[in-house]
Amino acid sequence: MTDPTGEFSDRIVVVTGASQGIGAATALAFAQAGATVVAGCPALESERHRQAVADWREAAGLSAERVAPITADVSQVEEVTQFYDTVKKHFGRVDVLVNNAGINRDHTLAKMTDEEWRAVLAVNLDGTFFNCRGVLPLIVEKGRIINISSMVAQTGNFGVANYAASKAGILGLTKSLALELAPRGITVNAVCPGFIDTDMTKGIPDDILQGYLERIPLGRAGLPEDVAATVLFLASPGAGYLTGQSLGVNGGLYTGD
Ligand code: NAP
């Protein structure tokens, strides 16, 4: 259910890649805390995505006014421009942007194709850039930008050079944009999830998966809701003096910065 007096009531929150996984959990948590959520979905399969958003919205008992699916492939600058034109027309402003949309195309570097490299950089890094730039004319003073990076940006991992490079790029973008937007009171931070139980991690072979799980000090895989809670904290008034940072949500798997 929605809390009309919730912490985010009257806030307009954009979450990209909100049809499932971490994006859906984050969008849902914001909506339950009173926000009006723009649920970004890739344009190519918009009907499937619209249905996916409607499914989690209805399951949570939220009204259609609370969650608006709007389509844009984040890797396509024209679609992102159109996306913010639509957001401006319907909502007039943005309070919080969560850059969550992401893909992986894993291969060791020796076997990685140009297409796999470019596709991952295009969605994860270009997409974050296009959305950060696109939201600038609309985001309010003291607004929040939260970019979903990854623990592998901090540690690297076998077979994910394209993904790790894209997520490390997001950390550099986050720090630089934090400095550029500080005069407007807008904070820009990153979240670095570790191993989170979503479709993205479902393809991991069982033996490798077991190895990951055994190494997590908190003894379990992360849930999309664990990441969502951190994103909501970063968007909350209490996090107003926190900018240019990256927060790990990894069950203790990596304890560096
Ligand atoms: P997921 O379940 O695969 O969800 C990814 C979402 O992004 C989906 O809604 C997807 O739609 C959307 N998306 C993909 N390409 C897009 C595009 N070009 N334009 C717009 N939307 C697009 O993955 P997840 O695990 O929730 O991941 C969410 C974010 O967390 C990603 O940035 C991921 O890199 C990051 N992350 C995940 C983990 C983990 O362990 N799961 C760890 C660290 C970081 P479609 O499914 O239709 O493509």
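In numbering that gives the first Met the number 0, the protein residues as written are 0 to 256.
Think of the CB as a built atom: it goes at the ideal place given N, C-alpha and C, for glycine as much as any other residue.
Check: So what does P68 bridge to, in DSSP terms?
Finding: A38
Next item on the list: Kindly identify the DSSP beta-bridge partner or partners of I138.
Entry: V93
Item checked: I102 - DSSP class collapsed to helix/strand/coil -> coil
Next item on the list: Mind the definition here: the stretch 158-167 touches the stretch 116-136 only if three or more C-beta pairs lie below 8 Å; say whether that holds.
Entry: yes
Notebook entry, point to check: Are the Cβ atoms of L178 and S245 separated by less than 9 Å?
Noted result: no
Item checked: Spatial distance of V187 from G193 (CA atoms) -> 20 Å
Notebook entry, point to check: For N130, which residues from the same chain have a beta carbon less than 7 Å from its beta carbon, with the 5 sequence-adjacent residues on both sides left out?
Noted result: T15, V73, V79, L96 and N98
Item checked: Buried versus exposed, by CB contacts within 10 Å (16 or more), K110 -> exposed
Margin query: Suppose only complete runs of 4+ residues qualify. What are the alpha helix (DSSP H) ranges in the stretch 177-226, listed by chain order?
Written below: 198-201 and 205-214
Check: Secondary structure at G247, three-state DSSP: helix, strand or coil?
Finding: strand
Note to self: According to DSSP, simplified to helix, strand and coil, what is R143?
What the structure shows: strand
Next item on the list: Confirm the yes/no value for this check: CB of I195, any heavy atom of ligand 1, distance under 8 Å.
Entry: yes
Next item on the list: Mind checking which residues open and close the alpha helix (DSSP H) that includes V119?
Entry: D113 to V119
Notebook entry, point to check: Among residues of its own chain, excluding the 5 on either side of W55, which ones have a beta-carbon nearer than 7 Å to its beta-carbon?
Noted result: A23 and L27
Margin query: I want to check one thing, is the minimum distance from the CB of C191 to the heavy atoms of ligand 1 below 8 Å?
Written below: yes
Next item on the list: Report yes or no: do the stretch 226-234 and the stretch 145-154 share at least 3 C-beta pairs separated by less than 8 Å?
Entry: yes
Notebook entry, point to check: If you draw a straight line from the alpha carbon of G202 to that of V134, how long is it in whole angstroms?
Noted result: 33 Å
Item checked: Residues sharing a beta bridge with I11, DSSP -> T35
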